[in-house]
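Some notes on the structure that comes next.
4 protein chains.
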Amino acid sequence: MAAESKMKTRKVAIIGASGYSGEELVRLLLHHPHAELAAVTSRQNAGQTLAQVFPKFASHPISKTLRFTEPKAELLAKQAEVVFLALPHGVAAEYAVPLLDAGCAVIDLSADFRMKSAERYREFYAHDHPAPELLKKSVYGLPEIYREEIKKSLLIASPGCYPTSILLPLLPLLKAGLIKSTGIIADALSGVTGAGRKVELEYLFAECNESARPYGIPRHRHLSEMEEQLSAAAGEPVVIQFSPHLIPLNRGMLATLYLAPAKPFENQKQMAAMQEQITRCYQTAYGAEPFVRLLEGTALPDTKNVAGTNVIEIAWRLDPRTGRLIVMSALDNLTKGASGQAVQNMNILRGFPETAGLW
Amino acid sequence: MAAESKMKTRKVAIIGASGYSGEELVRLLLHHPHAELAAVTSRQNAGQTLAQVFPKFASHPISKTLRFTEPKAELLAKQAEVVFLALPHGVAAEYAVPLLDAGCAVIDLSADFRMKSAERYREFYAHDHPAPELLKKSVYGLPEIYREEIKKSLLIASPGCYPTSILLPLLPLLKAGLIKSTGIIADALSGVTGAGRKVELEYLFAECNESARPYGIPRHRHLSEMEEQLSAAAGEPVVIQFSPHLIPLNRGMLATLYLAPAKPFENQKQMAAMQEQITRCYQTAYGAEPFVRLLEGTALPDTKNVAGTNVIEIAWRLDPRTGRLIVMSALDNLTKGASGQAVQNMNILRGFPETAGLW
Amino acid sequence: MAAESKMKTRKVAIIGASGYSGEELVRLLLHHPHAELAAVTSRQNAGQTLAQVFPKFASHPISKTLRFTEPKAELLAKQAEVVFLALPHGVAAEYAVPLLDAGCAVIDLSADFRMKSAERYREFYAHDHPAPELLKKSVYGLPEIYREEIKKSLLIASPGCYPTSILLPLLPLLKAGLIKSTGIIADALSGVTGAGRKVELEYLFAECNESARPYGIPRHRHLSEMEEQLSAAAGEPVVIQFSPHLIPLNRGMLATLYLAPAKPFENQKQMAAMQEQITRCYQTAYGAEPFVRLLEGTALPDTKNVAGTNVIEIAWRLDPRTGRLIVMSALDNLTKGASGQAVQNMNILRGFPETAGLW
Amino acid sequence: MAAESKMKTRKVAIIGASGYSGEELVRLLLHHPHAELAAVTSRQNAGQTLAQVFPKFASHPISKTLRFTEPKAELLAKQAEVVFLALPHGVAAEYAVPLLDAGCAVIDLSADFRMKSAERYREFYAHDHPAPELLKKSVYGLPEIYREEIKKSLLIASPGCYPTSILLPLLPLLKAGLIKSTGIIADALSGVTGAGRKVELEYLFAECNESARPYGIPRHRHLSEMEEQLSAAAGEPVVIQFSPHLIPLNRGMLATLYLAPAKPFENQKQMAAMQEQITRCYQTAYGAEPFVRLLEGTALPDTKNVAGTNVIEIAWRLDPRTGRLIVMSALDNLTKGASGQAVQNMNILRGFPETAGLW
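Chains as they are written, first to last, in the working numbering: chain H, 1 to 359; chain P, 1001 to 1359; chain E, 2001 to 2359; chain Z, 3001 to 3359.
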């Protein structure tokens, strides 16, 4: 505590601060004990104060003086030492290059640096990667998996809500060889902020309220990064089924994963053994993690229990009737699924307590 | 039209009219061209008028005079010739026996008569079936599948929202041998009225709003009737994975089904052939059905497009990456998933136009 | 019934059918027993079928053949004899003129013809009225007030949700001299479809869900038509306070009116006398109206009891502590507050049963 | 900062911690820098851990060990020095007496000690006050008004959502004589948690979603405390009109107040003078308050901008057409309208920074 309170405060900036992820970054960083929000950018809101764009932050002392600016990398590099990119895919890369050159740490919330393979990027995003040379330098910012790498990198590709809600439950099982790498199905439900602050007909209130609907089936862009991560964990190419759905929540994501255990469990004894293995696997992977909540007893994940927090809830069930393992997770798509995780990455990168500003 | 307008009006009754399914039955029957709502029962509301219990129906002429009564089978048998049972599972059977004895047609919205096997009932409902001798006489009230049998029976076990949303998409594929009968997964989302008008903590507004959560995993009671129907269609025992979720909708159910085609599709030609087969299969099964909407082009099901109607929307996609067939359906859990389907059954049973009162 | 079923079916058209009011008109007219939907127009959707634009109507036989067209008055005049204008304010007038010239009946859902005074129009809408000569010919389409005039006119200015929810409760009291014409306050809550299908940031799901907010205070455009109607009823100029609020409903409007009785009620006897007068006043005005529900006993209006219907609920309370009369109303902003009322006007105009297509 | 971090941590307890206000107290106190949650009570949950009752708090270290107990005042007096009572009206008093006798500070969230007059309590609550001798000792816990008194008292009657949202905007105007004390109207909208965690039919999800409705009109219990406070501020008896409404929000309250300025403003100059007076009045009263946000320019209150915070937003408009002043406020009914305010009271009482644990 004494050490912590002496920690130097670092200046941070957000490029693209007017979207939902940007707004959530502002919320978290305004009250972060070791960060000072030095700059926020937004083309459409340039010139306005934080208080004008986001009335909800108007009680914060800096909200009347901090003004949105046009995003200019050179300038931002002088204002901040950590820069968050909350930009659309394909746009983030053009800012990352000059910021890194100027010595900033870059935490990118887009998909631009999440893959190692530029070919795979082109396959799923339908254009050449804008800065393929950086793919090798970037680290996939899933702290529970890549904490050590994050400490050493200056370019963090912070994963979004779908990958986080699906990879965190899957990776330990795959690494431990407890499930087959084939036949994986991920069925996921997203709140509407998951689509970003897009002013489009389909996201109007009356189009989303009382509506539940699938979309992007069967081939969603985020498959690319999820499969790259899963393949690395499995040691062989993994192809999964991924079905996103839009449901009328502001915040929240729920994933239900259908998995085949590596070994059958055909009697009580085998089932008990498998239950113990899975319990131990998750306990080893996440038992000490501050932001992973392994549910016990009859509890199942519920988005309302993680809303506004950086926590992911995980529960699982073996089904003796079908021989399957079902794993369920819940997180807040804007926090652990976006900006909370980005701040967690900053904390790791800069040596702050990992939970700083996230409780 | 001329013939239709001369049709005799039949007297109908609803036992258990104060729940959400009962209320939806009232809504549909008050405006049905060939039915006259002669009696509604409810233990807790006995003595009150329809207008008092459901202010929304107060503009209908009979709402001020029709009073809820205690449910007494003998009396109801004299008041109506078709009786709807909107009662909890296990309670419906005790009314069905005397009503059938008295010559009434019975349309039961509970699960009591949906299975042929009393053993299976006991296995899933944990008590002996209250009237096993009736199981042979009852017909599973899925009109698109059992229309001819419904015409001839006086005991219709009208299926609920989960079975309807899952069986209608699955049965034609299984019968046609287009999919394997193994490995079927049904992931389903239900609006809150699907749980009934239960005054329990977990269904309070603030517990459901901004909440998405699984429940009853991995073994839900409705598996019993679904698997019985699927087994009959497949000609062999079928075991499926079924995962229900609660989401913040008043009305609506969305099912996503993960299926393995019977034959692989490893190239464009095989895929095109399979697409044609599936299209033809659904077209043959449902092309002329008034309440099944086979979506075309890029359209996917959306609960808001079926709310308040008796329609089920179905769409499907082949995924060449995983070799799977994904089928999605949407319906209103209170209409096609409960009371609308029950009225459709009455229409068939009594020789009314099948869509009477349902547009 | 016999007479009714022989009624000629009339061809109708909707100009501006892609907004929420237009969509609701489509819903009602597709199932109207005496109307045939002959044309729908929409600049942005021209060329698409009804089924493509509104999947929810895809089960109707004409939805696959009826295509949206560009709005051309001359052409529409040949296709339909009743034309509904579901257009923004200021645009409706340019269609009304040629359609009336061609002999069509025009039912306008915009505010363009709701006032008698072109000066007042300019004062509130900030531009000259586009067709002031028509203001004398138009009838304010509030059927419960102007039924006889509606029968004889070919230009009906069908009022919207705020005026309907406020005027219907107020006009009988003012006409009967039971309340003072000064100091009237109307506090109203609107569901989000009341704003139209506007693709604007403030109507996105996540901006409206979990949000309640006033807007347009203290001077909203609809004051102009409301005060003109109230002044006519009172026989003297009336100025009211009107406060609209946006709340997270798809459909629904709730108004709370604060009124000063013309005479004080300072004891039980005076209060009882006044209660009798008000009861009689409303009973006389609306006791026989099919779409006005005068609530009794302890019942208060609730938007969920009128959703999807053409009914307005009205209740009132005298407050002996403050000497005020409080009147509350609820309606569905898209039905009685827009398209249902427009259809009711068509029914009156064309001599159909007034409730045709509205139950 | 240095002084603050050396502050002693105080042990606190919550009696009645299983309702929504209790849950919000838990949320705030778990992360309060100077409070230690030593005990939580709940009859129905006694024996269960905090993590079991509220899965959302399961990540906090003490959630697995802190167990709900039966509420026993003597025991609690030994465990904590500040006790929050989150109990129904009428029940709180029986705990307050022994806790005060034992030397605890008591912060009561019920209405039991909010009035000075036992007669008025009986008039509105229909039973004798259970501890009338304490009414003189208690302080009305509206920090912005009674900060100095709160510092010196051990019994704080912390006001709820309706009084807070209405009194904070009204009191400065009344005290300054800027508005008349007659004719005040308060129209208020409440989210569903405002009703408490009551397991009753009317608060089920499907009864509240898509519903807006008035209730408790014209005489709501909270009138008693509001009028007592307003009368004290005005120096004469004040009677107001108060109309609560229930709308489908989890959290949030919006109040619209209709007021008569003490002097008329009949020209631009008078209006400008009055605007300046009101601006100055609010600025003087709340300009330095951390939890009152005086909106500027065109901004109006919005519940989504205060959700989860202890802030109340206030905006106002003069209407030259009607001569009225309209004041609007928004707050979170569970935070500034209940538990946040209670924690603010504790901070004042114990000499902590007033915003501790509330950002």
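Even glycine gets a Cβ: it sits at the ideal position worked out from N, Cα and C. In this text the structure is predicted, and so the values were computed from the model without any measurement.
> What does LEU3099 (chain Z) touch in chain E if you count any residue whose Cβ is under 7 Å from its own?
Replying inline: Here the premise fails: no neighbours, minimum Cβ distance about 36 Å.
> Opposite ILE278 (chain H) in the DSSP bridges: which residues?
Replying inline: For ILE278 (chain H), which the question treats as bridged, DSSP gives no partner whatsoever.
>> Let me check one thing: in DSSP terms, what residues is ARG1293 (chain P) bridge-paired to?
In response: Bridge partners of ARG1293 (chain P): P:GLU1313.
>> Measuring straight from C-alpha to C-alpha, what distance separates PRO240 (chain H) and SER231 (chain H)?
In response: First, the amino acid is wrong: residue 240 (chain H) is Ile here, not Pro. Distance between the alpha carbons of ILE240 (chain H) and SER231 (chain H): 10 Å.
> When the Cα atoms are used, what is the spatial distance from GLY2308 (chain E) to ASP2332 (chain E)?
Replying inline: 6 Å
> Could one say the Cβ of TYR2258 (chain E) lies closer than 8 Å to chain Z's Cβ atoms, at least one of them?
Replying inline: yes
> Is the Cβ of LEU174 (chain H) closer than 8 Å to any Cβ of chain P?
Replying inline: Under the Cβ distance rule, LEU174 (chain H) does not count among the residues neighbouring chain P, no pair being separated by less than 8 Å.
>> Only counting the same chain, and skipping five residues up and downstream in sequence, which positions put a Cβ closer than 7 Å to that of LEU952 (chain P)?
In response: Because chain P spans 1001 through 1359 in this model, residue 952 (chain P) falls outside it and cannot be assessed.
> Three-state secondary structure (DSSP) at PRO2098 (chain E)?
Replying inline: helix
>> So LYS8 (chain H) contacts chain Z; which residues on that side make the cut at Cβ distance below 8 Å?
In response: Within 8 Å Cβ-Cβ: nothing; LYS8 (chain H) doesn't reach chain Z, min ~15 Å.
> Between the stretch 1161–1171 of chain P and the stretch 1263–1278 of chain P, are three or more C-beta pairs nearer than 8 Å?
Replying inline: no
> Can you find a C-beta in chain P that's less than 8 Å from the C-beta of ILE14 (chain H)?
Replying inline: With its beta carbon at least 8 Å from every one in chain P, ILE14 (chain H) lies outside the interface.
> Does the count of Cβ pairs from the stretch 3162–3182 of chain Z and the stretch 3248–3258 of chain Z closer than 8 Å reach three?
Replying inline: yes
> Which residue from H:GLU24, H:TRP316, H:LEU246 puts its Cα closest to that of THR279 (chain H)?
Replying inline: H:TRP316
>> Please identify the residue among E:PRO2061, E:GLN2079, E:ALA2051 whose C-alpha is closest to the C-alpha of ALA2039 (chain E).
In response: Checking every option, the nearest Cα to that of ALA2039 (chain E) belongs to E:GLN2079.
>> Just to confirm the assignment, what range does the beta strand (DSSP E) spanning ILE3326 (chain Z) have?
In response: Judged by DSSP secondary structure, ILE3326 (chain Z) falls within the beta strand (DSSP E) whose first and last residues are 3324–3331.
>> 8 Å is my cut-off, CB to CB: does HIS2129 (chain E) come that close to chain P?
In response: no
> Going along the chain, which residues of the stretch 2320–2333 of chain E sit with their C-beta nearer than 7 Å to a C-beta in chain Z?
Replying inline: ARG2321, THR2322, ARG2324, ILE2326, MET2328
> With contact counted as at least three CB pairs below 8 Å, one residue from each stretch, are the stretch 3084–3101 of chain Z and the stretch 3013–3022 of chain Z in contact?
Replying inline: Short answer: they touch.
> Distance, Cα to Cα, ALA356 (chain H) vs VAL311 (chain H)?
Replying inline: 14 Å
> What separation, rounded to the nearest whole angstrom, lies between the Cα atoms of GLY2297 (chain E) and ALA1051 (chain P)?
Replying inline: 12 Å
>> Any beta carbon from chain E within less than 8 Å of GLY3252 (chain Z)'s own beta carbon?
In response: yes
> What are the start and end residues of each continuous beta strand (DSSP E) run of 3 or more residues lying completely inside the stretch 9–36 of chain H, in chain order?
Replying inline: 10–15
> Using a Cβ cut-off of 7 Å, which residues of the stretch 2038–2062 of chain E contact any Cβ in chain P, in chain order?
Replying inline: PRO2055, LYS2056, ALA2058, SER2059
> Closer than 9 Å, Cβ to any Cβ of chain E: which residues of the stretch 3286–3306 of chain Z, in chain order?
Replying inline: Answer set for the stretch 3286–3306 of chain Z: LEU3300, PRO3301, ASP3302, THR3303, LYS3304, ASN3305.
>> Give me the subset of the stretch 233–251 of chain H whose CB atoms are less than 8 Å from a CB atom of chain P, sorted by chain position.
In response: VAL239, ILE240, GLN241, SER243, HIS245, ILE247, PRO248, LEU249, ASN250, ARG251
>> Residues of chain P with CB closer than 8 Å to the CB of PRO132 (chain H), please, in chain order.
In response: Going along chain P, no residue has its Cβ under 8 Å from PRO132 (chain H), so there is no contact; the nearest lies around 24 Å.
>> Tell me which residues of the stretch 3014–3036 of chain Z have at least one Cβ-Cβ distance to chain H shorter than 8 Å, keeping chain order.
In response: From the stretch 3014–3036 of chain Z, only HIS3031 have a Cβ closer than 8 Å to chain H.
> Would you say ARG1197 (chain P) reaches chain Z, if we count a Cβ-Cβ gap shorter than 8 Å as a contact?
Replying inline: yes
> Residues in its own chain within less than 6 Å of GLN3229 (chain Z) by CB, not counting five upstream and five downstream?
Replying inline: LEU3167
> So, is MET1001 (chain P) buried or exposed, given that buried needs 16 or more other C-beta atoms within 10 angstroms?
Replying inline: Because the pLDDT of MET1001 (chain P) is 38, which lies under 50, any placement of that residue in the model is unreliable, and the number read from its coordinates should be weighed accordingly. Classification for MET1001 (chain P): exposed.
> Applying the criterion that 16 or more other CB atoms from any shown protein chain within 10 Å of the CB defines a buried residue, is THR3284 (chain Z) buried or exposed?
Replying inline: exposed
> How many whole angstroms separate the CB atoms of PHE2068 (chain E) and VAL2053 (chain E), which I take to be in contact at a CB cut-off of 8 Å?
Replying inline: 6 Å
>> Between GLY3308 (chain Z) and chain H, is any beta-carbon pair separated by less than 8 Å?
In response: yes
>> Going by DSSP in three states, ILE2062 (chain E) sits in which element: helix, strand or coil?
In response: The answer is helix: DSSP assigns ILE2062 (chain E) an H, G or I state.
> Apart from the five residues on each side of it in sequence, which residues of its chain come closer than 8 Å, Cβ to Cβ, to LEU2223 (chain E)?
Replying inline: PHE2124, ILE2240, PHE2242
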